[in-house]
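Asker: Could you have a look at this structure, given as structure tokens, before my questions?
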Amino acid sequence: MKHAVRNLVRSALLVVAAALALGAAIDSSAQSTAQQIKQRGELRIGVTPGEPWFYKDPATEQWSGIGYRMGQQVAKDLGVKLVPVETTWGNAVAAIQANQIDVMFVLDATDERKKAIDFPEAPFFWYAQGVLLKDGLNAKNWADLDRDDVKIAVTLGTAPDRELTRRLTKAKIERFANMDEAIAAFYSGRVDAASFYHPALVMQQARVKKGKVVIPEPVVALPTSAGIRREDDKSFRDFLSVEFDKYYKSGQTQKFYEEFLVSRNIDPGKAPPIIKEQWGK
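In this note's numbering, each residue carries its 1-based index in the sequence shown increased by 1322.
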């Protein structure tokens, strides 16, 4: 009899515990992102290795990069603590949907992603399709590269690949599985140039210490953003939009970028900016 009573009590406690857990989950999901951030006193941002967006110092395990720096600024403006949560680019959308993170900076607002999550109206910053040119090769326009004696590397199947295919009919386009292989071909002299988005090329040029990064005209530009949960309460989305617009127009976003370049021993004066209005100046 006592054994049966103990089992009954244990079962009842488990039911109560499950109900409490479910209630907490429901309460959490019912709260908006803005409410949760205020209640926790924390802003959880997704971070993943990928310079210059995010970089984790192997010695100190401290994060930096333009995405992390904006996270610091937003957390400061909200009066809360910044909490980096490691994820991957591929898992970022799922992490946002599962409420594991509040925001993922430097996440492009593609049509596919817009079906699952939300994005601020104002862009975080802009990047352009750039070209890393070998020393001695110059190109102000895409037409300057469209010669049968020019070999240009690109990552297979990417938007830059499609753009090169459309613009360059005479140049030989060498396609590689990833950007590391493309840059290796550039470093070894197997190709004359490599094309990708210009901030990433700036980091690659600093690594191989060869060539220069240019943005050919007409400029192929793309805004980047920040992914957040899709919800009825748009206060956090609208707050981020105001933050992005304010820091972009004040030049502070560009300063965040330049600060990171300096920390990686890269001269910002030799790197095209991430403010599209400054391109070509």
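Even for Gly, the Cβ is constructed at its ideal location relative to N, Cα and C.
Between residue 1471 and residue 1544, is the Cβ-Cβ spacing less than 8 angstroms?
Answerer: Walking along the sequence shown from the start, residue 1471 turns up at place 149. Walking along the sequence shown from the start, residue 1544 turns up at place 222. Going by C-beta atoms, residue 1471 is not nearer than 8 angstroms to residue 1544.
Asker: Compute the distance between the beta-carbons of residue 1439 and residue 1368, then report whether it is under 8 angstroms.
Answerer: Here residue 1439 refers to the residue found at position 117 of the sequence shown. Here residue 1368 refers to the residue found at position 46 of the sequence shown. It is not a contact, given that the beta carbons lie outside the stated cut-off.
Asker: Express the C-alpha separation of residue 1566 and residue 1386 in angstroms, rounding to a whole number.
Answerer: As a working note, residue 1386 is residue 64 in the sequence shown. As a working note, residue 1566 is residue 244 in the sequence shown. About 18 angstroms.
Asker: What's the C-alpha gap between residue 1572 and residue 1597?
Answerer: By 1-based counting over the sequence shown, the position of residue 1572 is 250. By 1-based counting over the sequence shown, the position of residue 1597 is 275. Looking at the two C-alpha atoms, the distance is approximately 11 angstroms.
Asker: Assuming the contact rule is C-beta atoms closer than 8 angstroms, residue 1507 and residue 1586 should be a hit. Round their C-beta distance to whole Å, please.
Answerer: Numbered from 1 along the sequence shown, position 185 holds the residue referred to as residue 1507. Numbered from 1 along the sequence shown, position 264 holds the residue referred to as residue 1586. In fact, because the Cβ distance is near 23 angstroms, the residues do not count as touching under 8 angstroms.
Asker: Just to check my reading of the structure: residue 1475 and residue 1496 have Cβ atoms closer than 8 angstroms, yes? What is that Cβ distance to the nearest angstrom?
Answerer: Taking the sequence shown and counting its residues from 1, one reaches residue 1475 at position 153. Taking the sequence shown and counting its residues from 1, one reaches residue 1496 at position 174. Indeed they touch by this definition, with Cβ atoms about 5 angstroms apart.
Asker: Helix or strand or just coil, what does DSSP make of residue 1407?
Answerer: Counting from 1 along the sequence shown, the entry for residue 1407 is found at position 85. The answer is strand: DSSP assigns residue 1407 an E or B state.
Asker: Consult DSSP for residue 1549 and reduce its assignment to one of helix, strand or coil.
Answerer: For the purposes of this step, residue 1549 is identified with residue 227 of the sequence shown, where counting begins at 1. Of the three classes helix, strand and coil, the one that applies to residue 1549 here is strand, per DSSP.
Asker: How should residue 1524 be labelled, buried or exposed, when 16 other C-beta atoms within 10 angstroms of its C-beta is the threshold for buried?
Answerer: By one-based count along the sequence shown, residue 1524 stands at place 202. Buried, because 16 or more other Cβ atoms sit within 10 Å of the Cβ of residue 1524.
Asker: When we look at the beta-carbon of residue 1526 and count the other beta-carbons within 10 Å, is it buried (16 or more) or exposed?
Answerer: Reading the sequence shown from its first residue, position 204 is the one you call residue 1526. Looking at its Cβ environment, which holds 16 or more other Cβ atoms inside 10 Å, residue 1526 is buried.
Asker: Go through its chain and collect everything with a Cβ distance to residue 1555's Cβ below 8 angstroms, but skip five positions before and after it.
Answerer: Counted from its first residue, the sequence shown places residue 1555 at position 233. Answer for residue 1555: 1354, 1355, 1356, 1357, listed in chain order.
Asker: What residues in its chain sit with their C-beta under 7 angstroms from that of residue 1520, if we drop five residues either side in the sequence?
Answerer: For this step, residue 1520 is matched to residue 198 along the sequence shown. Correct list, in chain order: 1449, 1450, 1452, 1535, 1537, 1594.
Asker: By Cβ distance, which residues of its chain are closer than 8 angstroms to residue 1345, with the 5 residues on each side in sequence left out?
Answerer: Reading the sequence shown from its first residue, position 23 is the one you call residue 1345. Residue placement at residue 1345 is flagged as unreliable, the pLDDT there being 48, under the threshold of 50; a coordinate-derived value is accordingly withheld.
Asker: Rounded to whole angstroms, what's the CA-CA distance from residue 1406 to residue 1468? Just pull it up for me.
Answerer: If you number the sequence shown from 1, residue 1406 lands on position 84. If you number the sequence shown from 1, residue 1468 lands on position 146. If I take the Cα positions, the gap works out to 44 angstroms.
Asker: My understanding is that residue 1389 touches residue 1428, with C-beta atoms under 8 angstroms, so please give their C-beta distance in whole angstroms.
Answerer: Taking the sequence shown and counting its residues from 1, the one referred to as residue 1389 is at position 67. Taking the sequence shown and counting its residues from 1, the one referred to as residue 1428 is at position 106. With a Cβ gap of about 4 angstroms, residue 1389 and residue 1428 count as contacting.
Asker: Would residue 1549 pass as a contact of residue 1402 if the rule is Cβ separation under 8 angstroms?
Answerer: As a working mapping, residue 1549 is identified with position 227 in the sequence shown. As a working mapping, residue 1402 is identified with position 80 in the sequence shown. Cβ distance not < 8 angstroms, so residue 1549 and residue 1402 don't count as in contact.
Asker: With DSSP run on the structure shown, which of helix, strand or coil describes residue 1565?
Answerer: For the purposes of this step, residue 1565 is identified with residue 243 of the sequence shown, where counting begins at 1. Helix, per DSSP.
Asker: Give the C-beta separation of residue 1374 and residue 1579 to the nearest angstrom, bearing in mind that I take them to be a contact with Cβ-Cβ under 8 angstroms.
Answerer: What you label residue 1374 is simply residue 52 of the sequence shown in a count that begins at 1. What you label residue 1579 is simply residue 257 of the sequence shown in a count that begins at 1. Rounded, the Cβ-Cβ distance is 7 angstroms, consistent with contact.
Asker: Following the continuous alpha helix (DSSP H) through residue 1582, name the residue where it begins and the one where it ends.
Answerer: Residue 1582 sits at position 260 when you count from the first residue of the sequence shown. Looking at the DSSP string, the run of the alpha helix (DSSP H) that includes residue 1582 is 1574-1585.
Asker: Please list, in chain order, all residues of the same chain as residue 1410 whose beta carbon is under 6 angstroms from its beta carbon, the five residues on each side excluded.
Answerer: Numbered from 1 along the sequence shown, position 88 holds the residue referred to as residue 1410. Excluding positions up to five away in sequence, the list reads 1370.
Asker: Check the DSSP bridge columns for residue 1467 and list the partner residues they point to.
Answerer: The residue labelled residue 1467 in the question sits at position 145 within the sequence shown. None; residue 1467 has no bridge partner.
Asker: Just curious, the alpha helix (DSSP H) that residue 1484 is in, first and last residue?
Answerer: On the sequence shown, residue 1484 is found 162 positions in, with the first residue counted as 1. Note, residue 1484: alpha helix (DSSP H), 1481-1489.
Asker: Can residue 1456 and residue 1514 be called in contact, C-beta distance under 8 angstroms?
Answerer: Taking the first residue of the sequence shown as position 1, residue 1456 is located at position 134. Taking the first residue of the sequence shown as position 1, residue 1514 is located at position 192. It is a contact, given that the beta carbons lie within the stated cut-off.
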